[in-house]
Amino acid sequence: MSWNSSRVGQIYTVKAVSTDGHVDECRSIKDQCDLTGLHCGQNYTATVVAENQDCKSKPSESVTFKTVPCSPANVSSAVACKDNSLTVSWSKSSGADSYIATVQDSIGQTTTCQGTTEGSCNVTGLGCGQIYHASVVSSDGYCNSPPSATVDGTPSVPCKPTNIKAVMDCYMRTALVEWYPSDGALSYIVMATTASGQNVTCKANTTYCSLEGLLCGNNYSVSVKAVGRTCSSIAYWTGQLVTEPCIPTHITTQYSLTIGQVLWDMAAGADSYTVEGATEQGLMVSCTTQGTNCALYNMDCGQMYIINVTANNFVCQDVSTSTESVTIMTEPCPPNMVQTSLQNPDVGIVSWEASFGAVGYVARFVGRDGHSLSCYTNGTSCNVKGLHCGIVYYIQVMVIGETLNSSISTDVLLVSAPCAAGNVAANLDCYNNTAKVSWSSANGGNSYKVTAAAESGHRASCETAGLQCDLTVLQCGQTYNVSLTTISEQSQTETLTNVTFSTRPCKPMNVGVNRQCGMNTATMYWEESGGVERYMATAIGSMGMTLKCNSTNSTCQFPNLYCGKTYTFSVTAYSKMCYSEISSTVEIQTDPCRPTGLTVTGSCNNETVVLDWLVAQGALVYVVTVTGDLGYATALQTNMTTVEAQLPCGQLFTFTVKAEDDRCDSAVSLPKNFKTGPCVPEHVKSFTQCENSLGSVSWDKSDGAESYMAIAMGRDRHTHMCTTNTTSCTWDSLHCGEQYTIHVIANDYLCSSLPSNSTSIRMAPCIPQNLKSSLNCTMKVGSLTWNASETAEFYIVTAKTNNGHKVQLSTNDTWTFISEFLCGQEYFLYVQAVDSVCTSLPSQPSMLESEPCPPTGVSSFMNCLSNIAVVSWNSSAGADFYTATVTQGDGQSKSCWSDSKQCGMPNVNCGQNYTVTVIASNEKCNSDTSQVTTLQSVPCVPTDVAVKMDCSTNKALVSWISSKGALSYKVMAQSTQGNMSFCESTQLMCTLANLTCGQDYSVQVVAQDDICSSLPSPATKFTSVPCTPSIGSVVLDCYTNSALLDWAYAEGGLNYTATAQTTSGHVSTLWSDL
């Protein structure tokens, strides 16, 4: 309480009395004091008494006030599971006319609802799986009570399970269902339902559950219910749980040769079937089908197959196998090991191994000429008689079974005795000393043998599968008799003939030749034989020339033979149409010839030359003469046509050669010249500019060199070459990170020297590659990685911007961190590799943007008409967009986004003092928050506007409840006739004057601060004082002692009171509604 001090008051006593009789007092020596014992929710009347040491004043004029409403009691909350809403209830609080309930969930998010004196309100749209805490504040429109005690632990509906998966265990015939945990769930119930309504359930406290008792061949729909403390929620799996197919039943079989047919009833849930047949010996046959029958092919004979049928679907395979005992018995097997033989020329025998299940056997002999014979037996062999000669018979054996006969055995061949051959003839080949014998074909003959017998007892023979053969190795001068034998695999037939033939003369013996040196003449001789008509002697030179000489005696002469040639002499005897074999040969050598074709070949890699020439016919040895142009001379002897000579480099040499035998020398050959290769370069030196991949080499001049080749070879075997006619070379494209070994070779027009002694150069490490950079926005630290350079010992990393900022460091690793970046900059990152000698050139740059700079120049203002908070700022280096945020004192906030320099936030809460911040962002990072500024939002619209009319003064007192953010208020009243009246006040009331009489007014109040005005309050109606009537005339009626008074209509008047007053004070009044 506060008051104006009285003139002589020394102490003041304030007394406040509530409507429920409660009294509270306070005393003060100042002009104010606090009443601290007031009851909540009460209307108090207070007075102040001043006193001094002698007297007390009368109580002051009383003032009334209302205390803060009491806090709500008996607060409770309950969740409606169906619509997931929360109802908060409370008891009525003294002094309250409205209530605000605040509900907070487990993660700190809050929401409110407003209730009336009925004591409850409803919050919808609860988050699932949350624990809600509720408290209530009562309000009288001006003050709010302290919050009630918080109601804890009201759970909402648990969240639905997610990521449901169901997997069928075909062998255990159970299904495992899994899901993600649901917030708010205490347990789970899993249900699987078929289309016919059959259910299987399981319960779990974990996030998986095993369903048992599932029916085969069914599709189940799966649901998972999350069960909370009071509510539950259910989620459905989008898929279908498919169980294993049922076991096939009523299996029947049929069988024909090698093929078994299996039939069965359809099994529920089966997509396909697999049929398997197995024997005790491990034989298997199978087939797969989508129908209810299947054929088993290639079943082995003589077996009992056990048949199983397995139903499959896309979920379960090889699980649902039939249990019925079903078998298939196949036919007997055809006989094995069928063998044949001939007993007599026309009797055939066949035998075989016994077959399982055989009652008897039938064997059939079928000849290629159409002739056939057969025999029956219950044993394992039988024979037939009357086979045709020379015929191939096919023998087949079939087993006779009880119900089915076997297939026919594999054909076995039997060849009967061959027939005798005819039309034998013999023709003698004198030149080959062979006789060709021919004959006509004999049936059954696989081969034939011819035998020829001479009078001297010598025999010759040949054997063939054809109709002729050659008798070889016949003796000369003999007459032979011929016989022919026809042979098959089992037997043979001999045919005697009257065919004879005579062989050619024998070759001459004891052949010899006499040579005469220097005359080039030779005489040949031999031993004569009887029965020879003439002899022909032949001399064949080594060059292919043939000389002939005919003679009827035992000698013959050959003149004019060529030098240096080898001649081969032989002689042949002639008689009738045949001639003998050529006699043994005799060779002689004529005088050696002059050597020709001399060539000289030098080795460019050493000082050895090789001399070659053509063979000189008749030479035993050769003498080579070497003469140099500088006086060098030597002679070499060899029995070859090549020789090597060691010669000094860079000289011109002349070479000649002659041939010798044991008696004569040839003429000297034509001379040949040869120049040896240049000498090896010496004093080789190297130089390098390693960072630019540049290297050079120099050397001394080499004798005999016309040009030079310098070769630089790296450790990777990569080679750089340089050719020059000077004594130095330079390379500008050497490989980085390499050490090169350099050799120099001297060249002339033909040869190259050996490489010089080596020297080496070393290049700088390779430029680092594959730079990858990133920025840790939180730590404001950049990271950089790169591929290692093979020879680098460490690396130098440089980061720089276009405006000159630079950061540099070194590292032994292929990565590093950089923390000295300036905000909002684009950095180019380079890496150089360094070894003990050189530093590489910088790598290709990797670009990295640092975090944006925080915005500056942040300002804000309210768009009063649209209630939009507009925030602006200066551009930030490195920013792509900005986020502006305004925050109330209670932490509630709004944000807007912009890629320019301002943005607006509509519908901010009225009457709030906001803090304003801006953050700059790019694609990767956010800046630090800008400096904080403040913003006052539009004042709230005034409420509870009331009007009290002062009829005596025609003034209206307008009052309202305080508006948040308001510094002053403006009241506007407008009549239905358009008349206006205004007033302004910093209090919660204002008086409207200058009202037009008799008008209906609508009044609105606008709250103002130093910038904005609120929207007008809802209009409140009132009527001004009626206008004063204007008297028209007064007519006195003397007879009735009355007066008739008329007046004009007064705006706003509903009825009128007329008053007549005499000078003596007598008053007469009359009321009228006209």
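In terms of my numbering, the sequence shown opens at residue 8 and continues consecutively.
Backbone N, C-alpha and C fix where the C-beta goes; we use that ideal spot for every residue, glycine too.
Within its chain, find whatever has a CB closer than 6 Å to the CB of residue i; leave out the 5 residues flanking it on each side and keep chain order.
i    : result
C301 : V269, V282, C294
A980 : S988, L999, Y1008, V1010
S35  : Y19
W10  : D38, V55
P772 : G744, S796, T798, A799, A840, D842, S847
K955 : L964
S13  : A57
A753 : P685, P688, S709, A712, Y715, S760
Starting from residue i, trace the beta strand (DSSP E) both ways and give me its first and last residue.
i     : result
P913  : 909 to 913
G721  : 714 to 721
G235  : From DSSP, G235 is part of no beta strand (DSSP E); its letter is neither H nor E.
T998  : 996 to 999
A580  : 573 to 582
R769  : 766 to 769
R14   : That residue, R14, is in no beta strand (DSSP E); it is neither H nor E in DSSP.
Q895  : It is not in any beta strand (DSSP E) - Q895 carries neither H nor E in the DSSP assignment.
N1048 : Taken as a continuous stretch (DSSP letters only), N1048 belongs to no beta strand (DSSP E), as it is neither H nor E.
D1007 : 1007 to 1015
N920  : 920 to 928
E470  : 466 to 471
G355  : 354 to 358
L816  : 813 to 818
How is residue i classed by DSSP in three states: helix, strand or coil?
i     : result
E698  : helix
A1065 : strand
V144  : strand
P162  : strand
Q403  : strand
R371  : strand
F660  : strand
M543  : strand
F824  : strand
K1086 : With the chain represented from 8 up to 1081, any question about residue 1086 goes unanswered, as that position is not in the structure.
W446  : coil
Q776  : coil
R34   : strand
V650  : strand
I749  : strand
Q596  : strand
A302  : strand
I254  : coil
Round the Cβ separation of residue i and residue j to the nearest angstrom and send it over; I've been treating them as touching at under 8 Å.
i     : j    : result
L474  : S447 : 7 Å
V86   : A141 : Contact flag wrong, Cβ pair sits at about 11 Å.
S693  : S767 : 7 Å
Q485  : S463 : 6 Å
A1026 : Y976 : Wrong, their Cβ atoms sit about 16 Å apart, outside the cutoff.
Return the chain-ordered list of same chain residues with a C-beta closer than 7 Å to the C-beta of residue i, the five sequence neighbours on each side being excluded.
i     : result
R1082 : Since the first residue shown for the chain is 8 and the last is 1081, residue 1082 is missing from the structure and cannot be characterised.
E800  : V841, D842, S843
E32   : T20, V21, K22
S83   : S96, V158
V877  : S867, F868, N870, Q909, G911
N777  : W793, N794
S969  : Y149, L995
V480  : A467
Whose C-beta lies closer than 8 Å to the C-beta of residue i among residues of the same chain, with five residues either side of it excluded?
i    : result
L264 : E338, L411, S414
A953 : V965, S966, W967, T1027
Practice prompt. Indicate whether the contact test is met: 3 or more Cβ pairs, each with one atom in the region 485 to 502 and one in the region 561 to 568, closer than 8 Å.
Written response: no
Discussion item. Any contact between the region 695 to 704 and the region 742 to 758? By contact I mean 3 or more CB pairs, one from each, below 8 Å.
Written reply: yes
Item to complete: Count the C-beta pairs between the region 232 to 246 and the region 304 to 313 that are closer than 8 Å, then say yes if the count reaches three, no if not.
Response: no
Practice prompt. Answer yes if the region 495 to 506 comes into contact with the region 422 to 437, meaning at least three C-beta pairs across the two stretches below 8 Å, and no otherwise.
Written response: yes
Discussion item. Check whether the region 105 to 115 and the region 130 to 148 touch, using three or more Cβ-Cβ pairs below 8 Å as the test.
Written reply: yes
Worksheet item: Counting Cβ pairs, one atom from each stretch, are 3 or more of them under 8 Å apart for the region 249 to 263 and the region 175 to 192?
Response: yes
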